[in-house]
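Trainee:
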Amino acid sequence: MEIINFSEQNSIINQYMAEIRDKSYQKNRLLFRNNVMRIGEFEAFEISKRLQYVTKEIETPLGKSKVNVPVDKIVLATIFRAGLPFHNGFLNIFDHAGNAFVSAYREYKDEEHHEVGIHVEYLATPNIDGKTLIIADPMLATGGSMELGYKAILTKGTPRHVHVACVCAAPEGIDHIRKTFPDSTTTIWCAAIDEGLNEHQYIVPGFGDAGDLCYGEKI
Numbered sequence: 253m254e255i256i257n258f259s260e261q262n263s264i265i266n267q268y269m270a271e272i273r274d275k276s277y278q279k280n281r282l283l284f285r286n287n288v289m290r291i292g293e294f295e296a297f298e299i300s301k302r303l304q305y306v307t308k309e310i311e312t313p314l315g316k317s318k319v320n321v322p323v324d325k326i327v328l329a330t331i332f333r334a335g336l337p338f339h340n341g342f343l344n345i346f347d348h349a350g351n352a353f354v355s356a357y358r359e360y361k362d363e364e365h366h367e368v369g370i371h372v373e374y375l376a377t378p379n380i381d382g383k384t385l386i387i388a389d390p391m392l393a394t395g396g397s398m399e400l401g402y403k404a405i406l407t408k409g410t411p412r413h414v415h416v417a418c419v420c421a422a423p424e425g426i427d428h429i430r431k432t433f434p435d436s437t438t439t440i441w442c443a444a445i446d447e448g449l450n451e452h453q454y455i456v457p458g459f460g461d462a463g464d465l466c467y468g469e470k471i
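Position in the sequence shown (from 1) plus 252 gives the number in the numbering used here.
1. Assuming Thr-312 contacts Asp-389 (C-beta within less than 8 angstroms), just tell me the rounded distance between them.
2. Count the C-beta pairs between the region 435-454 and the region 416-424 that are closer than 8 angstroms, then say yes if the count reaches three, no if not.
3. Phe-346: which of His-413, Glu-298, Leu-392, Glu-309 sits nearest, CA to CA?
4. Smallest Cα separation from Thr-410: which of Asp-381, Thr-432, Val-416, Gly-396?
5. Taking the alpha-carbon of Ile-445 as reference, which of Thr-394, Thr-437, Thr-407, Cys-466 has the nearest alpha-carbon?
6. With burial defined as no fewer than 16 other Cβ atoms inside 10 Å of the residue's Cβ, what is the status of Ala-270: buried or exposed?
7. For the beta strand (DSSP E) holding Val-323, just list the boundary residues, first then last.
8. Could you please give the first and the last residue of the uninterrupted alpha helix (DSSP H) stretch that includes Thr-377?
9. Between Lys-431, Ile-272, Thr-384, Phe-459, which has its C-alpha nearest Pro-322's C-alpha?
10. Please return the same chain residues whose Cβ sits closer than 6 angstroms to the Cβ of Phe-338, not counting the five positions on each side in sequence.
11. DSSP on Lys-470, reduced to helix/strand/coil?
12. Could you spell out where the beta strand (DSSP E) holding Ile-310 opens and where it closes?
13. Return helix, strand or coil for Glu-254, following the three-state DSSP convention.
14. Does Ala-388 come out as helix, strand or coil in the three-state DSSP assignment?
15. Check whether the Cβ atoms of Ala-404 and Val-327 lie closer than 7 angstroms to each other.
16. Leaving out five residues before and five after Asp-435 in sequence, what residues of the same chain have Cβ atoms less than 7 angstroms from its Cβ?
17. Report yes if the CB atom of Ala-462 is closer than 7 angstroms to the CB atom of Ala-349, and no otherwise.
18. First and last residue of the beta strand (DSSP E) that includes Ile-445?
19. Considering only C-alpha positions, which residue in the set Arg-412, Leu-343, Leu-449, Glu-373 is nearest to Leu-392?
In structure tokens form, the structure reads like this:
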């Protein structure tokens, strides 16, 4: 299983990460959402380099041109609600893709908020059999919601390849994906891989609750 960590190289994505991590900058929800979306666009562009291409002849007003175009049938999947801006970034690049949506939420099992349960309530997806599946979720913390979302989507077919895309990941989440996703047909893409999880299962240093930062606090 290949893991791409963009923080190990110099690119504009580091500027976007610096801004969404900044506790003063991230108070502006519009700017925060825009940066999450731009990271999605960046990762989508990089994933596009891994697709299969064929040569197609295009007729222009002045002649004909041969262009290599992707032939993969892509399905973009995300998990409500934090994943929506990230998903939109991918959709800006893969504008002909199908779309899948999963509703999953965290629920603490104990009063100390140490044990976390993940629940899936809703699924809307096209058939994914033989297609390229991109699961875009900004936070890969424990990996539990990613796994449950993936298993829910698998009820609609088996993808040819799975790209797990996130903004920020914890090593624990990556280890969980290694154990629960097919090794030979899965690639993990991260803007950054952080130190780990705290006692409440949040990524440290991370940048906070992505859903709240995008759309406001929930009750």
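Glycine residues also receive a C-beta, built at the ideal position from the N, C-alpha and C atoms. All of these numbers come straight from a predicted model, not from anything done at the bench.
Mentor: Let's see:
1. The residue you call residue 312 lines up with position 60 of the sequence shown. The residue you call residue 389 lines up with position 137 of the sequence shown. With 8 angstroms as the limit, Thr-312 and Asp-389 do not qualify as a contact, their Cβ atoms being about 40 angstroms apart.
2. yes
3. Here residue 346 is taken as the residue at index 94 of the sequence shown, counted from 1. The residue with the shortest Cα to Cα distance from Phe-346 is Glu-298.
4. Along the sequence shown, one-based indexing puts residue 410 at 158. The candidate whose alpha carbon is nearest that of Thr-410 is Asp-381.
5. In the sequence shown, residue 445 corresponds to position 193, counting from 1. Of Thr-394, Thr-437, Thr-407, Cys-466, the residue nearest in Cα terms is Thr-394.
6. Walking along the sequence shown from the start, residue 270 turns up at place 18. Under this definition Ala-270 is an exposed residue.
7. Within the sequence shown, residue 323 is the residue found at index 71, counting from 1. Segment: none, Val-323 is in no beta strand (DSSP E) and carries neither H nor E.
8. For the purposes of this step, residue 377 is taken as the residue at position 125 of the sequence shown. First-last for Thr-377: undefined, no H or E at that position.
9. Along the sequence shown, read from residue 1 onward, the residue named residue 322 stands at position 70. It is Thr-384 whose Cα lies nearest to the Cα of Pro-322.
10. For the purposes of this step, residue 338 is taken as residue 86 along the sequence shown, with counting starting at 1. Closer than 6 angstroms at Cβ, skipping near neighbours: Val-288, Gly-292, Ala-388, Pro-390.
11. The residue labelled residue 470 in the question sits at position 218 within the sequence shown. Here Lys-470 sits in coil by DSSP.
12. Counting from 1 along the sequence shown, the entry for residue 310 is found at position 58. Looking at the DSSP string, the run of the beta strand (DSSP E) that includes Ile-310 is 305-312.
13. Counted from its first residue, the sequence shown places residue 254 at position 2. Reduced to three states, the DSSP call for Glu-254 is strand.
14. For this step, residue 388 is matched to residue 136 along the sequence shown. In this structure, Ala-388 counts as strand in the three-state DSSP scheme.
15. For the purposes of this step, residue 404 is taken as the residue at position 152 of the sequence shown. For the purposes of this step, residue 327 is taken as the residue at position 75 of the sequence shown. No, Cβ-Cβ distance for Ala-404 and Val-327 is not below 7 angstroms.
16. Position 183 of the sequence shown holds residue 435. Result list for Asp-435: Met-253, in chain order.
17. By one-based count along the sequence shown, residue 462 stands at place 210. By one-based count along the sequence shown, residue 349 stands at place 97. No, they are not a contact pair.
18. Position 193 of the sequence shown holds residue 445. Where Ile-445 is concerned, the enclosing beta strand (DSSP E) stretches over 438-445.
19. In the sequence shown, the residue the question calls residue 392 occupies position 140. The option with the nearest alpha carbon to Leu-392 is Leu-449.
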